[in-house]
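A short write-up of the structure that comes next.
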Amino acid sequence: MENPITSKCCNHQPWFVLLVFFVFCIELFSFDYSGFTAKKSALVTVLDDNHGNVINTQSSLPHDFTEITNASVYPLPKTDEKGDLKVGTEIDSCVGRYIFVHDLPSRFNEDLVNNCRLLTRGTDKNMCPYLDNLGFGPEIENPEDVLINNSWFLTNQFLLEVIFHNKMKRYECLTNDSSIASAIYVPFYAGLDMSLYLWGFNTTVRDSASLGLVKWLSEKPEWKRMWGRDHFLVAGRIAWDFRRQSDNETDWGSKLRFLPESKNMSMLSIESSSWNNDYAIPYPTCFHPSKDSEIFRWQDRMRRQNRQYLFSFAGAPRPEYQNSIRGKIIDQCLASKSQCKLLDCNYGTTNCDNPVNVMKVFQSSIFCLQPPGDSYTRRSIFDSILAGCIPVFFHPGTAYAQYIWHLPKNYTAYSVYLPVKDLSEWKINLNETLLRMPEDRILRLREEVIKLIPRVVYASSRSRSETLEDAFDLAVKGILDRIESVRVMIREGKDPSIGFADGDDYKYTFSTYGNGN
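Printed below as a string of structure tokens:
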């Protein structure tokens with residue numbers, strides 16, 4: 001007689017075998033997965049320990065770039081308070097955008113602001129009022145129906161570093177953990193420091209703060225991750241002011257950007273040099289909207305403007321510069337009579353620092369002439385864009401080779417280009433040339449210019465735009481992309497020093513940009 005229990009079991013033997021096999025697979029998978037995650041966690045720990053082994057190209061010793069680990073040049077995964085990897089959490093929108101801000105000794109920034117009365121030695125200008133409102137300056141009290149109330153300020157064009165720093169304090173992806181930062185911001189007020197010592201000081205004094213800064217930075221652990229190539233600073237003067245090439249006392253500026261450590265950093269300034277580690281971002285204008293609606297309202301207003309002048313020029317002649325074309329421009333403007341409006345900015349003539357005076361002229365003009373001044377660039381470029389006035393450029397170094405993160409690569413979409421290499425080559429009749437421009441093209445150009453307005457303003461530091469990116473946002477995005485490209489080179493086993501701080505002899509050449517419109 002069969003055992004009923006044995007009989008029952010044997011009748012269901014195939015199902016029993018399948019059940020045992022299924023349980024065995026689950027156990028095996030669980031064991032394998034735990035081993036995999038343990039290895040992964042251990043790998044992260046090992047990679048983290050290699051932060052100090054990134055390429056040091058300040059040394060003359062050769063390096064094997066293929067041995068550099070990705071963790072050395074890329075933010076580590078997020079961990080919880082115990083140091084364990086976070087699993088199943090929401091996607092962090094700041095990954096790849098985190099910025100760590102160095103807490104510099106006050107002598108590199110705050111002390112300069114506190115001693116604002118000394119910033120313009122040798123002149124009668126008091127810089128202190130311009131530092132009000134987080135660097136925007138005093139609010140304009142009488143806009144004369146030319147400007148929008150509460151959005152316009154008397155902003156000094158050389159205070160970009162202060163404005164940028166104050167906006168960075170409200171950046172949405174700041175971090176106190178430098179190990180997850182994609183970029184390291186160095187809030188050194190290089191332009192204000194140099195303003196203290198422009199006249200009557202020897203090179204030792206002029207270079208003192210720069211030398212102190214790079215020494216301080218190079219001793220920090222953040223420096224050794226990429227030897228400064230993830231560091232950037234912002235200057236409110238043109239980059240050439242920080243590239244003195246000799247120690248002759250008569251030479252201009254400081255040698256900040258020629259210091260070995262500084263060569264490993266990127267600098268954003270109102271005008272770049274011809275070196276690859278300098279980038280231009282817009283001059284601060286006087287328009288600092290606090291809401292997107294203020295920008296939209298201003299754009300609509302510029303579309304409706306009655307423009308009675310064919311072209312205008314705001315500036316002064318430069319007789320001290322032998323090849324300056326400003327004299328020709330002024331002569332032709334005066335000869336054009338009612339077709340051109342000249343805003344004479346010679347000392348004591350018109351207050352061109354007051355945006356009411358400038359915007360009144362530019363809002364009434366179809367084209368705004370933008371020749372080089374003391375350097376390639378000028379704030380007037382961005383004033384004309386704010387006014388919906390089509391800029392006319394004569395040199396590629398005035399805008400096209402400069403503001404690559406903020407202005408369209410297709411420069412013919414928003415401007416007129418009339419290249420003049422030398423005063424002796426001047427063969428332009430401005431009145432006739434601009435009158436030949438078809439009306440439909442003028443309308444297209446103006447609309448593109450008006451669309452650029454959000455991209456060239458530094459919006460209020462006390463608020464954040466809901467839908468628009470301003471000049472600060474685009475600058476941050478640009479420098480993050482720049483630093484990421486260096487990381488890519490390292491991950492590919494390449495030497496990141498190659499080309500990083502090289503000079504570009506072709507950056508401002510005319511041939512790159514054709515023969516104009």
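Quick note: the sequence shown uses UniProt numbering, first residue 1, plus one each step.
Beta carbons: idealized from backbone N, C-alpha and C, even for Gly.
- For Pro391, DSSP records a beta bridge to Cys368.
- Around the beta-carbon of Gly228, 16 or more other beta-carbon atoms lie within 10 Å, marking it buried.
- Cβ contact annotation for Gln308 (same chain, cutoff 7 Å, sequence separation greater than five): Ser364, in chain order.
- Here His406 has Ile281, Pro282, Arg455, Val456, Ala471, Leu474 as same chain residues with Cβ atoms under 7 Å from its own Cβ, once five neighbours each way along the sequence are excluded.
- Every beta strand (DSSP E) stretch that sits fully inside the region 295-364 and reaches 3 residues is listed by chain position as 309-315, 340-344.
- Considered as a whole, the region 172-237 harbours 190-196, 203-218, 223-226 as its complete alpha helix (DSSP H) runs of no fewer than 4 residues, in chain order.
- For a cut-off of 8 Å, the C-beta gap from Ala183 to Leu418 is around 38 Å, too long to register as a contact.
- In terms of Cα proximity to Cys286, the closest of Leu154, Lys169, Ile366, Thr398 is Leu154.
- For Ser269, the enclosing beta strand (DSSP E) begins and ends at 266-271.
- Each residue's CA atom was taken as its position, placing Pro143 and Phe500 some 45 Å apart.
- In the three-state DSSP reduction, Val457 falls in the coil class, being neither helix nor strand.
- Taking a contact to require three or more Cβ pairs closer than 8 Å, the region 437-451 and the region 385-396 qualify as touching.
- If you draw a straight line from the Cα of Asn429 to the Cα of Leu196, it is about 43 Å long.
- If you look at Asp440, you'll find it in the alpha helix (DSSP H) that goes 439-451.
- In this structure, the alpha-carbon of Val356 lies about 9 Å from that of Trp152.
- Excluding the 5 residues flanking it on each side, Gly516 has same chain C-beta neighbours closer than 8 Å at Val416, Tyr417, Leu418, Pro419, in chain order.
- Between Asn346 and Ala316 a beta carbon distance of about 4 Å is seen, short of the 8 Å cut, so the two are scored as contacting.
- In this structure Pro105 is exposed. Its beta-carbon is surrounded by fewer than 16 other beta-carbon atoms within 10 angstroms.
- Within the same chain, and ignoring the five residues on either side of Ser266 in sequence, the residues whose Cβ sits closer than 7 Å to its Cβ are Phe232, Asn277, Tyr279, Ile479, Arg482.
- Between Tyr400 and Asn248, the alpha-carbon positions lie close to 33 Å from each other.
- Contact between Phe394 and Ile325 holds: their C-beta atoms lie close to 6 Å from each other, under 8 Å.
- A residue is called buried when at least 16 other Cβ atoms come within 10 angstroms of its Cβ; Glu294 meets this threshold and is buried.
- Put simply, the region 164-183 touches the region 92-103. At least three CB pairs are less than 8 Å apart.
- Around Ser246, the same chain offers no residue with a beta carbon nearer than 7 Å, after the five sequence neighbours per side are excluded.
- Listed in chain order, the non-local C-beta contacts of Gln305 below 6 Å within the same chain comprise Gln363, local neighbours out to five positions each way being set aside.
- Taking 8 Å as the cut-off, the beta carbon of Val162 is found closer than this to the beta carbon of Val113.
- For Ala280, the enclosing beta strand (DSSP E) stretches over residues 278-280.
- With respect to the C-alpha of Glu271, the residue from Arg301, Asp111, Gln402, Leu445 having the closest C-alpha is Gln402.
- Boundaries of the beta strand (DSSP E) harbouring Val101: 99-101, taken from the DSSP string.
- For Tyr414, the closest C-alpha among the options Asp374, Ile366, Trp426, Ser461 is that of Ile366.
- Taking Arg117 as the centre and dropping the five residues before and after it, the same chain places the C-beta of Asn126, Met127, Cys128 closer than 8 Å to its C-beta, in chain order.
- Counted as a single uninterrupted DSSP element, the alpha helix (DSSP H) harbouring His165 occupies residues 160-168.
- In this structure, DSSP gives Tyr417 an extended state, which the three-state scheme calls strand.
- Look at Trp426 here: in three-state DSSP terms it is coil, with no helix or strand label.
- Classified as exposed, Ile498 has fewer than 16 neighbouring CB atoms from the shown chains inside 10 Å of its CB.
- DSSP, reduced to helix, strand and coil, places Trp252 outside both helices and strands of the structure shown, so it counts as coil.
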